[in-house]
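Novice:
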Amino acid sequence: MTDAASSSVWTATVLTLYPDMFPGPLGLSLAGRALEEGKWALDARNIRDHADDKHRTVDDTPAGGGPGMVMRADVMCAAIDASSDAPGPLVYLTPRGVPLTQGLVREIAAGPGARFVCGRFEGVDERVFATRPGLEVSLGDFVLSGGEAAALTMIDACVRLLPGVMGAQASGDDESFENGLLEYPHYTRPQEFDGMEIPAVLTSGHHEKVREWRLHEAERITKERRPDLWAAYETKDAGAPLR
Ligand code: SAH
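Per the numbering used here, the very first residue in the sequence shown carries number 8; after that it's consecutive.
1) Please state if the CB of V105 and the CB of V131 are separated by a distance shorter than 8 angstroms.
2) So what does DSSP say about R233, is it helix, strand or coil?
3) Under 7 angstroms: does the beta carbon of P26 sit that close to some heavy atom of the ligand SAH?
4) Please give me, in chain order, every unbroken run of the beta strand (DSSP E) with length at least 3 that falls completely inside the segment 12 to 49.
5) Is the beta carbon of V150 within less than 7 angstroms of some heavy atom of the ligand SAH?
6) When DSSP labels each residue in this structure, what does L209 get in the three-state scheme?
7) Given T138, which residues of its chain have a CB within under 7 angstroms of its CB, disregarding the five upstream and five downstream residues?
8) When the Cα of G45 is compared with those of V21, T64, K61, V16, which residue comes out closest?
9) Closer than 8 angstroms by C-beta to T68: which residues in its own chain qualify, once you throw out the five before and the five after it? Chain order, please.
10) Among P32, I205, L188, E215, which one has its Cα closest to the Cα of E231?
11) Tell me which residue opens and which closes the beta strand (DSSP E) that A121 is part of.
12) Assuming M160 is part of the alpha helix (DSSP H), what are its boundary residues?
13) Nearest-angstrom Cα distance between D201 and A19?
14) So F123 and L100 are supposed to be a Cβ contact under 8 angstroms. How far apart are they, rounded?
15) Using alpha carbons as the reference points, say which of D181, E114, T64 lies closest to Y191.
16) How far does the alpha helix (DSSP H) with T138 in it extend, from its first residue to its last?
17) Determine whether the beta carbon atoms of V98 and G71 lie at a separation below 8 angstroms.
18) Straight-line CA distance for G34 to R63?
19) May I ask which residues mark the beginning and end of the alpha helix (DSSP H) holding L111?
20) Hey, how far is the Cα of P234 from the Cα of K216?
21) For V105, report the span of its beta strand (DSSP E) as first-last.
22) Closer than 6 angstroms by C-beta to I87: which residues in its own chain qualify, once you throw out the five before and the five after it? Chain order, please.
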């Protein structure tokens, strides 16, 4: 793990009850290599270090009754306050947040980093959000057992956009969501597989025709699969960034 405080690289500071989950998958492949090379930094901090009773309690039963446990405001806020040395906005991973989009990923990746707060159990005492306002972000309309998988996902999406991590690959305007469309289909050798040929235009050497085919396919797939994206694409102002 890299020392975030002394680093000027993009830094993910994660507040979690399970710091051992980090870097996890982000320690491998492109993100892992970039982490080793110091192109980004990761600092996973244990929320439990801020519990002050002898059992190091971080949760308690929900006011008003009901199942499960709620993360205590005093412990969470102590952990958040102690992270104020870390760069970037405060990001809460929560199903009620704004849905994560490539536009938001780009914004966060363009900054100095972010502080990611991972909930567990039934969630977090509301007074944490009220007294320590931050950006509430959701991965989608489903419920995870904790914010860690969501933080890993969001960090992964940011890290691949950082300079020198993926090179040209992640900066292409053609990538899904960058132009408001899903991406066109990809092919590679072998030329024939299970009786299916690579579409002839792709091996024709006509760059303009390839470009047209790809745009057409991207539009067709988006229209078929994501009417919401398609409607936004059709009505968007030319050049307006899509979120
Ligand atoms: N009872 C809550 C869910 C708690 S799940 C509810 O019904 O909304 C426990 C933790 O997992 C949450 O505090 C949050 O940090 C994380 N989490 C669950 N689903 C998520 C999602 N879709 N996006 C981001 N974080 C999520």
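Where a beta carbon is used, it is the ideal one built from N, C-alpha and C, also for glycine.
Owing to the predicted nature of the structure, the values given are computational and were not obtained by experimental measurement.
Specialist: Looking at the coordinates:
1) no
2) coil
3) no
4) 17 to 23
5) yes
6) helix
7) C84
8) V16
9) M76, V77
10) L188
11) 120 to 125
12) The amino acid occupying residue 160 in the given sequence is Thr; Met does not appear at that position. Counting along the chain, the alpha helix (DSSP H) containing T160 begins and ends at 155 to 166.
13) 44 angstroms
14) 6 angstroms
15) D181
16) 133 to 138
17) no
18) 29 angstroms
19) 109 to 117
20) 26 angstroms
21) 97 to 106
22) R139
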